[in-house]
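Have a look at the structure below, then the notes.
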């Protein structure tokens, strides 16, 4: 399995913009960086043999590699890849195809869901061993994690990204394709100020909820 962490580089003013009213641009970027590091740490704790950071924008990859070198708590094996052009579906599709072409099953996660821990990643990887796909629904209608053991580009095509219908549309598409699907437990993303209650205990931003 290849664990792909799909992320934006945490640059102030360009990430977590819906949290800027309560955290400020710098604070929102700091939270984005904390979420990114947490996701990578959970991937390492889950024992993933291959961890890839798939990053946007493309020109942030060099900065990300330097940043990763400074993180003592992370394994040295994290690979950095650029997301490239296109909408979210096209970019995720390329990352999944790249893994499948190299005989790895991709499990792709975002960085908005600190609730998705190592045990969740292990459970989804186990489900992927006996299903065509695995997906974790989010309370806001999206999904923080998806894994594939087969490929069809339709799974990421014509999805209304960033809407409450992303999970339902994707699950319906998988049903149309006749895939066997493992559905994981409901998780919570951190996008709006009210979502800050789902941050781990001890994270300073939680007090702003």
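Residue numbers (my numbering): 116 to 324.
Idealized CB from N, CA, C, for every residue including glycine.
The beta strand (DSSP E) enclosing residue i, as first and last residue numbers
| i | result |
| --- | --- |
| residue 241 | It is not in any beta strand (DSSP E) - residue 241 instead sits in the alpha helix (DSSP H) that spans 233-243. |
| residue 301 | Element bounds for residue 301: n/a, residue is neither H nor E. |
| residue 121 | 117-123 |
| residue 187 | It is not in any beta strand (DSSP E) - residue 187 carries neither H nor E in the DSSP assignment. |
| residue 222 | 221-224 |
| residue 260 | 260-263 |
Three-state secondary structure (DSSP) of residue i
| i | result |
| --- | --- |
| residue 323 | helix |
| residue 176 | helix |
| residue 169 | strand |
| residue 275 | coil |
| residue 197 | strand |
| residue 249 | strand |
| residue 130 | coil |
| residue 309 | helix |
| residue 192 | coil |
| residue 182 | helix |
| residue 268 | helix |
Cβ distance (whole Å) where residue i is taken to contact residue j below 8 Å
| i | j | result |
| --- | --- | --- |
| residue 286 | residue 250 | 7 Å |
| residue 188 | residue 224 | Not really, about 18 Å apart at Cβ, beyond 8 Å. |
| residue 268 | residue 208 | 6 Å |
| residue 266 | residue 178 | The pair is not a contact, with the Cβ atoms about 31 Å apart (cut-off 8 Å). |
Residues near residue i by beta carbon distance below 7 Å, same chain, minus five either side
| i | result |
| --- | --- |
| residue 227 | 150, 259, 304, 305, 306 |
8 Å Cβ shell around residue i - same chain, five flanking residues per side excluded
| i | result |
| --- | --- |
| residue 276 | 202, 203, 204 |
| residue 194 | 165, 166, 167, 168 |
| residue 290 | 296 |
| residue 127 | 140, 141, 143, 144 |
Range of the contiguous alpha helix (DSSP H) that encloses residue i
| i | result |
| --- | --- |
| residue 152 | 135-160 |
| residue 216 | 203-216 |
| residue 283 | 281-291 |
Proximity test, residue i beta-carbon vs the ligand GDP heavy atom, cut-off 7 Å
| i | result |
| --- | --- |
| residue 230 | With respect to small molecules bound, the structure shown includes none, and the ligand GDP cannot be examined in it. |
Any C-beta of chain C under 8 Å from that of residue i
| i | result |
| --- | --- |
| residue 150 | Among the chains of the structure shown, chain C does not appear; only one protein chain is present. |
Same chain, Cβ closer than 6 Å to residue i, neighbours up to 5 away in sequence not counted
| i | result |
| --- | --- |
| residue 279 | 256 |
| residue 190 | 159 |
| residue 118 | 158, 163, 166, 222 |
| Given 8 Å, three or more beta-carbon pairs between the region 155-165 and the region 227-238 | In the pairwise beta carbon analysis, the region 155-165 is classified as touching the region 227-238: at least three pairs are separated by under 8 Å.
| request: Indicate whether the contact test is met: 3 or more Cβ pairs, each with one atom in the region 140-156 and one in the region 196-216, closer than 8 Å. | output: The answer is no - the region 196-216 does not touch the region 140-156, with fewer than three Cβ pairs under 8 Å.
| said: I want to know whether the region 240-256 touches the region 291-308 - three or more CB-CB distances under 8 Å. | reply: At 8 Å Cβ cutoff, the stretches touch.
| request: Would you be able to state if there are at least three C-beta pairs under 8 Å between the region 213-231 and the region 134-141? | output: Judged by Cβ distances under 8 Å, the region 134-141 makes no contact with the region 213-231, as fewer than three pairs qualify.
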